[in-house]
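Novice: Got a structure for you, written out below as C-alpha cells; questions coming shortly.
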Amino acid sequence: MNIKIKYFADDMEPLTYIDGKSDWIDLRAAQDMTIAAGTYVAIPLGIGMKLPVGYEAHVVPRSSTFKNFGLLQTNSMGVIDETYCGDNDQWHFPAYATRDTVIHKNDRICQFRIMEHQPTIEFTPVEHLADESRGGFGSSGIR
C-alpha cells in the first residue's frame with residue numbers, strides 16, 4: 425500500500441514501517457513543548473496523510489508515553505478517517521499532563537496503524553443470545 429504523506433515541520437524524522445517487528449508505526453512531536461501539570465494540549469505530530477478510501481488510522485499512546493512524559497491521551501484512541509486529508513489537516517495527539525513535562529521535537533509519543541473501515545452491519549433483535557453469561561469486569565477472578 426502506498427500512502428501520500430505531507431510533513432508540516434522541518435527536520436521531522438521520516439515515518440518508517442519496520443516489517444515483521446510491529447504493525448504500529450511511531451509518531452513524533454513536531455515541536456518542543458513545555459507542558460504544565462493539569463493542562464490539556466493538542467501536540468502537533470507534523471504529518472498529514474491521504475489515506476486510501478475505505479481506510480482509517482487508529483492513533484494510541486506508545487507503551488512508555490505515560491512513564492516518560494506523564495501524558496494521557498484524552499480521546500482514548502484517535503480515529504482519523506480518509507476525509508481528513510486537506511493541505512492543513514495536520515495530525516495531533518490530544519493529551520492531558522499529569523505532571524510538569526517537556527517534550528522535544530522528534531520525541532516518539534504515540535503510534536498508529538491503518539485499518540479497513542468496519543463492514544456494514546445489520547442488527548437483529550433477539551430475546552436470548554443462547555450462550556452462558558460471563559459476568560464481565562473481572563468476574564473471572566485475578567488468578
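Residues in the sequence shown are numbered from 425 upward in steps of one, following this note's numbering. We put the CB at the ideal spot given by N, CA and C, even for glycine.
(1) Which partner residues of residue 536 appear in the DSSP bridge assignment?
(2) If you follow the alpha helix (DSSP H) that residue 489 is part of, which residue opens it and which one closes it?
(3) Quick check on residue 439: does DSSP put it in helix, strand or coil?
(4) Please tell me whether residue 471 and residue 430 are closer than 8 Å, where the distance is taken between their beta carbons.
(5) Judging by CA-CA distance, which residue of 519, 439 and 505 is the nearest neighbour of residue 462?
(6) Between which two residues does the beta strand (DSSP E) harbouring residue 476 extend?
Specialist: Looking at the atomic coordinates:
(1) For residue 536, the beta-bridge partners assigned by DSSP are 449 and 483.
(2) First-last of the alpha helix (DSSP H) with residue 489: 489–493.
(3) Note: residue 439 maps to coil in three-state DSSP.
(4) Result yes, Cβ atoms of residue 471 and residue 430 sit closer than 8 Å.
(5) Looking at the Cα atoms, 519 is the closest of the given residues.
(6) For residue 476, there is no enclosing beta strand (DSSP E), as DSSP marks it with neither H nor E.
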